[in-house]
Structure formats: C-alpha cells, structure tokens
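The numbering used here numbers the first residue of the sequence shown as 442 and each following residue consecutively.
Think of the CB as a built atom: it goes at the ideal place given N, C-alpha and C, for glycine as much as any other residue.
Comments concern the structure below.
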Amino acid sequence: MRELLSIKLALAYFRRRKLRAILNTLSVAVAIAALVALQGLNSSIDYARGEFASLLGGNAHLEVKAPQGGMSDTLLAKVQKTAGVQAAVPFVQSSVQVKGLPGFTTLMGIVPGEDAAIRTYRVTQGRMPAQDHREIAVPKELLRGKPVKVGDIWQVQTMLGMQDFTLVGILEDSGVAQTNGGAVVFMPLTTAQKAFELEGKLSYISIVLQNPDNVLAVQKALQESLGNRVEVLTPLGRDGTKDKMLGFIKSLNNVYGFMGLFLALYVMYNSMRVAVSEQRRQLGILRALGWRRWEIHKLIIAQSIVIGVIGSSLGLLLGTYLAQGLLSTVSETLSQVFKVSIPRIRFTMLDYAMIWLTGVLSCLLSAWLPAWKAANIAPIEAMNSRYSKIELGYPRWRIVVGAILILSSWLILVFVNNMSLLFQAALTGIVIGAAVLMPPFLIIVLDKLEPMAETMFGLTGRLGLSSFRRTPRRSVATGMPILLGLAVAFGFLGILASVNLTFGNWVNTLISSDIVITQGLQTFSSNQVGLPEALLERVRKVDGVRVAAGLRTTGIQWHGNPLDLQIYDVLDSRQLATPHVLEPGKDEAWDAIKQEGNIWISESMALKYGVHRGEKLEIPTPAGNLEFPVVAIIKDFYSYNGSVYMNRQDYLRYWGDHSIDHIYLTLEPGVSPALVRDRLEADLQNDFRVQVALASDFRDSMIKLNRSICDIFNLVIIVIVLVAAVGTANSMLISVLERVREIGTLRSVGLTRGQIRSVLLIEVGSLFIAGIVLSIPVAAGIQIGGTIFDKNVNGWVLDVSIPWAKNIGVALVMALVVGLSTLYPAWLASKVDPVKALRSE
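Structure representation (structure tokens):
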C-alpha cells in the first residue's frame, strides 16, 4: 500500500509544481536528445564502416590485405597452397569517379564466376560482366531516378582518362550490392587492372577455410608465409577505423554529449534538493506517522524516476530527429574526407535502451543525495518552520576536492597520449571539478557586486543581491548553470578556433601557386584512383603555364600505425610550394630530399612517435621493407595520422605508381589565372573529370571543409545554452515560490510591482555577470588542456586563438535566453498578493 501511496504523493507534488516539473523534464529531454544525436552519428559511422567491411568480406573467413599500391598476384598461388585453405579469390578495390554520379564510387574488380563463391550477387536484369571485357554491373539503388537501361555506355575515370564501359547487368539491392549505400560498380578483375594500371597487382585475397574453427592457426601461418608487407585479417578487421581524425571527432562527440547530460543533471540535483526543502514539513509529518527512512528515501526517488522516465523518453524522440538533421549537415563532409557514406542514422533498439537507461539512472543518481538527506530528517526539526528556513553555506573541503579534480584532469590531458576514455573523462572532469570548486567563489563575487548594484540601482539593487547572503545555495543553484554553460561553450569554441586558425595559416602558407587541378581530397583511408601522368604533361603544354607540379597522396602502415605518404616532384614543387620547415633550413631541406632515399616527416609524426631528424624509418614497400633517412621536419596539418614526404623519383622506383592527385600550376607573369582556368576546363572536360580552381578558391575550400568538420559541435553549444536557460528559469521559479512571504512584505511596505520585477532581474543579471567572470578561468583550463592533449595525441601544435566575436555572441545569446526565461518568474513575483503572502507560513 505504501508503494502506491509513495507514487501518489510524488504525483501530487508535481501537480502542485507543474511548471517546475516541466522545466526539469525539459532539461533532461534536451540533454538526452543531444546525447542521442551525437551517439547516433558515432554509431552510424561505425555501422557504415563495419557494414562496408562485412559486405565486401562476404563468406570469407580471412582476407589478405595489400598495402597502398597493391600486392603481387603471385601471392595468390602461395595462399591457395596453404594448409587449411579451401578457396582463395582475389579482387581489386578502389574509389573512382563515374560521370553523372556525385563524389567517389567504390570499384570492385572481381573474377566472374569465382567471386560468387565469396559474395552474393542477384542479377535482376542482364548478366554479370565477362572476363577481359569492358563491361560493368551496378546495383539498382545507383540507378534510382535515372533513365538507365542495360546496354547503356557509362564513363569511368581511369588512368587513361574517362573511358567507356558497357552496362550489362543490374543487381538487386542485397548482399555486396549494398556496399557504400549502393554506390558501387563491378567490373572484371583483368579489366580493372588494365584500366587503373594495376597489372599483376591485387588489393585483397578473400579466403574460405576448410574448417572455420582454425581461423587463428591459418591466419598465423599465412602471415608468416607472406611476410609483413601484407596484413592477414578477418573481414571485420579491415573496416578502416584507424583514421586518427575520425577517432578524435568521435571522442569529442562523446565528451560534448556527456557534458550536456551533466549540466542537465546538475539542474536536476538542485531542483530535487529544493524539492526536499519544500517538502520538509510534510516529510516530518510522515516520519512522525511511522514512515521509515527507506520509505522517505523511496518517495524522493519516485519523483526523480517520473522525471527521468518522461524526460528520457521525450529525449529519445527529439534526438532521433535531431540526429537526422545533424547527419544532413555533415554527411557531405564525411563522404568527401573519410569516404563514409551514411544515408540515414543507424541506431538499434539496444542503443536507444542504453541511452534511455542512462538518462533514468542519471536522474536517480542526481536525486540520491537529496533523498538520503530527506530520509534523515528528524520529525521535530522538520516541523519547525524556523529550522527549515536555515540554509548553510559551503564547506571548505569543496575547494580542495574541486582543485584535486581539475588538477587530476589536467595531468591526464598532459601525460596521456591516446584517445581513450581517460581523455573523455579528463575533459568532463574539469567541468565537474569546476562545479565543485566554484560555488564559494561565486558567492564571493556576488558579495563584491552588492555595493555596485546598490550604487547603480538604489534600493532595488540592494534587495536584488541581499538574498545571496541569506540563501547562498539557492543563489548557486541559479548561477552555476550559467557559469558552467558559458565555460564549456567558451572553452570548446576556443579549441575549435585554434584548430581553424592553425589549419588556415598552414594552407595559406603552403599553397602559393596560381591554379590547382584536383579530383578531391585524398587521405590515408581514401584509397582512390589517382589521375594519369599524361594529364600532367598535357597541362604543361597549355599556353600561359610556366610550371606544373604533380602531387600524390597515399597511405602506408608504419609499425601498425597509418601514415599519409605525400610524394613531391621536387624540381617543380620547389618553385611552387612553400612548406614551413622547422629543421634544418628550407633550402637545405629541399637539397636533401632531392637526393635518393631521403624523406621528410611532419611535426605531428615527430611528436607522436618520438622520431628525430637523422634517424632512419623502415617503411614497407612493394619491393620489401626499406630504410629511409629523415632529413627534415616540417609543420604539417594535412591529417591527424602524421605524414611522410618523399621524392617522386623514389616513389616511382619502389612503388611503380605513376598516378597523381593534384596538379599545382604557376603562370607566366601577366597571364590571367581566370583565363588559363577557362582554357584548362575547356581542354580537359571531355577526357577527365577534374576540378580546375584558382588557388585562392582552392585554399578557401580547404579551410571551409575543415570548418565544416568543426561545425559538427555547434549543436552542443546550442544544447548547453538551452540547458543553462532551463536551469536558470527553474531556479528563479523556485526562488519566487520560496520567497512569497518576503515578496508580500516588500509589497506591503510600498514596493511597486515594477520594483519587484526589477529586483528579480537585477538578481539574475548579477548572477550572469558573476558567471561570465568565473567562466573565463574554467574555459581557459578547458582550452589549454585540450590544446596540450591535441599536441600529445595528434602532434598538432596549435596557434592559440580566442574567438572573441563568437564568445561575445554566445554570451549575448545566453543573456537573451536567460533573460527571457526569467520573465515569467519575475511576472509571477509581481503578482503576489501581500495579504495572502503574509498569511502563509
């Protein structure tokens, strides 16, 4: 019976405090929605990469993965002869451009007939391509909305330019045809090898075992037999999740999501604490009537469960739509940079259940301490109204505990060099430490503001700030959401601004040419087909071109770590590029890399892996593992993986890859770049699918792309502002309800309704000013800590930037939202009837 009575009493309290219950529920719902959106994006990225790997893997138990540039097809016979191998089927995989299709499309060069033993193909029209024929098959999804039929000619960009291929088959959207969201083209293996200059080379060998239970033994035998130039993996082991930048983005998503949840729970905790204070008399009566401590505890917990269940459920619904909106803003960036195609958010019922449970349990946790205190109320003290009005200050131990939390978090950021949960815990720890440490300092700042408020606003100013001395905890409950919200917003805006400034400076310094020809951004994980060398020769013959240099970017594995390998044509690039050489001097660095076998490395690689100039790196090549002396270290922000720079002549010698990704052009003096760009576009449009851009436009596009990645986190800034506003409105509403008798007394001695409203607005304005003042050191701690961590983990030494305009904008928005959220409590206070208020206890 008492269980039902507990629920009834909890609901009765919410009926009396409807608006507060709504605000609490709303703060939880907004935080859970942000968590769903960010975790949904992370889960969708993981799902897309895992699905890509599993669909391509098919029935294979193992796969032999080649390094960039491919592996010799002579390894196929060695794999087939290995004990325990039932079947081994090769294929070529890359990313190509197809005329009429946006972005890059996955290319699969397969052995017709044999590949069906590994991967599932269901032909709905036509047939599969025949060996040695220039034919392709595509999924039905790729043709959606296009008037295409079997027999049509498709143009695919190859190492010989745009070439014609006959569409001979349309596949059902199932099995391997679902790869990359259906953006995949299948052609015969031999045809792909010829078209993309991969004769005698393979990307993967799919392996079916005689006994699947022997996977580990066969994997070990194959790795020993084939050597360390290739990797022997399970299909799911090659999903490409090693990209450092993508991992960093996902880690920040987690941090942002849980910080938003923490702010919501802070609001919840303060609300439950005040709820206990409000119900102190009733709880004392229940204790006097025989209720035990655990039953009182259960009553308060029941109130938090109601808020947690409703708020988390609303948050799941709102977060699903928010996640899809977030995906629509970043899907193009993810596709362009990381070659991840995510048509929709992928969130399982288990994911929803886990986040819903996180929300409910977090609400329980935030109510636990208030519930414990309520359970220990002595009946006589609870029914004494004077005792219930007493509000204690903050003990000094908070300063010690808060300082220890912040210091510990800082030490983690300084000394930990991986993106583990420790990184996420450390950034969150700074905010939690500030929540513990700052309340006493907030009261001190508010005390200092009282004389100023009295001077500026007279009696209303003094009354507005005098409540801070009498009710410090209530004041902190109102001010801390503002302080923490601004601190988190300022801190992370500072980190993102530093990244944008540093990247922008690097791009503007590096690219000093007049025109850039490219087919898209290439990184370690891109695996896209380059442009033919013939294009470079053709561009050099265009009138007005003085120097044209090709650049190739691909990837290598070094001691199990992904690195970007960038290839310079030194003689020409020296006239075009101006890399920021850290050691030795610029001319000495160019002279050194011109000599056979020498390389440069990026500062990020030097810092992350402790590599110094003069050391030798053992790099896997198709010709075996070779040692390359490091002759220079340069400042580079191309990717978080770290970069190795090599002379193109060395790359051709060891990799045999003549392709390029970018062409940088410098023009003759007095020649119009726009005129040459138009000539190049007219000359190349029928033979190559490339982008010809003025260097200034290309620089701007790279900077814009980097900023678009950082814009993923703007959503959480909005959530933080909303949660802080809800927390302030909730606390101000509580303040009005607790001070009904005080407000009635002020009205009875002559204060007008306008003056009562002014008192409340001055109070929240003072809290806002104090919040801004104290948020600055917390924000500085977050920004500096994040910058140090970026250096330790990613090797990026950032130029510190404070985004004053954005910070001021966030502060103004916060002031506006907080001000609007205070209007109703202020209006409610002005409507207090003095006669009724003076009768109340």
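Could you have a look at residue i and say whether DSSP puts it in helix, strand or coil?
i, result
"P1244", "coil"
"L1192", "coil"
"Q854", "It should be pointed out that residue 854 corresponds to Leu in this sequence rather than to Gln. Helix at L854."
"N669", "coil"
"N1059", "Looking at the sequence shown, residue 1059 is not Asn but Glu. DSSP places E1059 in strand when its eight states are reduced to three."
"N1039", "coil"
"N1002", "strand"
"W838", "helix"
"V1011", "helix"
"K590", "coil"
"Q1090", "helix"
"T1169", "helix"
"E1068", "strand"
"P1110", "coil"
"T789", "coil"
"K1145", "helix"
"Y1081", "coil"
"L674", "strand"
What does the alpha-carbon distance come out to for the pair residue i and residue j?
i, j, result
"V986", "A1115", "12 angstroms"
"F856", "E1204", "42 angstroms"
"Q1126", "G1051", "46 angstroms"
"T994", "V530", "29 angstroms"
"L639", "Y1092", "16 angstroms"
"T799", "L467", "16 angstroms"
"I977", "A989", "Note that residue 977 corresponds to Leu in the displayed sequence, not to Ile. For L977 and A989, the distance between alpha carbons rounds to 7 angstroms."
"M796", "L937", "One point to set straight first is that residue 796 is Ile, not Met, in the sequence displayed. C-alpha separation (whole angstroms): 27 angstroms."
"I1243", "S1207", "25 angstroms"
"E1122", "L1135", "12 angstroms"
"T950", "P588", "46 angstroms"
"L479", "V1167", "21 angstroms"
"W947", "I1042", "16 angstroms"
"E1029", "R1015", "12 angstroms"
"I997", "D1128", "30 angstroms"
"S967", "H1053", "In this prediction, S967 scores a pLDDT of 48, lower than 50, which makes its location untrustworthy; no coordinate-derived value is stated."
"Q572", "F627", "12 angstroms"
"I1223", "L868", "7 angstroms"
"V1131", "Q960", "5 angstroms"
"V1238", "I1074", "13 angstroms"
"V801", "A1170", "22 angstroms"
"I971", "R979", "Reading the sequence as shown, one finds Gly at residue 971 and not Ile. Their backbone Cα atoms lie some 16 angstroms apart in a straight line."
Can you name, in chain order, every residue of its own chain whose Cβ lies under 7 angstroms from the Cβ of residue i, other than the five neighbours on each side?
i, result
"N1147", "N941, F944"
"S1216", "L924, L927, A928, F931"
"S839", "Note that residue 839 corresponds to Arg in the displayed sequence, not to Ser. Once the five neighbours on either side are set aside, the close Cβ partners of R839 are V877, L878, P880, P881."
"G870", "L846, S849, S850"
"G641", "S513, D514"
So, for residue i: in the same chain, excluding its five sequence neighbours on each side, which residues have a beta-carbon less than 6 angstroms away from its beta-carbon?
i, result
"E582", "D614, G623"
"P653", "H502"
"I1229", "L854, V855"
"I991", "One point to set straight first is that residue 991 is Gly, not Ile, in the sequence displayed. Closer than 6 angstroms at Cβ, skipping near neighbours: L977, D1010, I1101, I1104."
"G752", "T466, V469, A470"
"N1039", "A1033, P1070, V1072"
Residues in the same chain with beta-carbon distance under 8 angstroms from residue i, minus the five sequence neighbours each way, listed in chain order, please.
i, result
"I742", "L805, A808, W809, A812"
"P580", "I611, L612, E613, D614, A618, Q619, G623, V625"
"A844", "G874, L878"
"G602", "P973, A975, L976, D1128, F1129"
"L516", "V505, L643, I646, L667, V671"
"Q1290", "Residue numbering for the chain in the displayed model covers 442 to 1282; residue 1290 lies beyond these limits and cannot be assessed."
Taking 8 angstroms as the cut-off, is the beta-carbon of residue i closer than that to any non-hydrogen atom of the ligand GDP?
i, result
"Q723", "No copy of the ligand GDP appears in this structure; indeed no ligand is present at all."
message: Give the list of continuous beta strand (DSSP E) stretches no shorter than 3 residues that lie fully inside the stretch 538 to 578.
response: 546 to 551, 564 to 567
message: Can you confirm whether the stretch 874 to 881 touches the stretch 923 to 931 when touching is taken to mean that 3 or more C-beta pairs between the two stretches lie within less than 8 angstroms?
response: yes
query: Any chance the stretch 606 to 615 sits against the stretch 544 to 558, with 3 or more Cβ pairs inside 8 angstroms?
result: no
- prompt: Would you call the stretch 1061 to 1068 and the stretch 953 to 960 in contact, with 3 or more CB pairs under 8 angstroms?
  reply: no
- prompt: Between the stretch 598 to 608 and the stretch 508 to 518, do three or more beta carbon pairs fall short of 8 angstroms?
  reply: no
field: Inter-stretch contact at 8 angstroms, needing at least 3 Cβ pairs: the stretch 639 to 648 / the stretch 521 to 540
entry: yes
- request: Please specify which runs of the alpha helix (DSSP H), each continuous and at least 4 residues long, are wholly inside the stretch 600 to 633, giving them in chain order.
  value: none
query: Any chance the stretch 1236 to 1255 sits against the stretch 1185 to 1197, with 3 or more Cβ pairs inside 8 angstroms?
result: no
message: For the stretch 469 to 478 against the stretch 755 to 766, do three or more pairs of beta-carbon atoms, one drawn from each stretch, fall closer than 8 angstroms, so that the two count as touching?
response: yes
query: Is the stretch 566 to 585 touching the stretch 1091 to 1111 in the sense that three or more CB pairs, one from each, lie closer than 8 angstroms?
result: no
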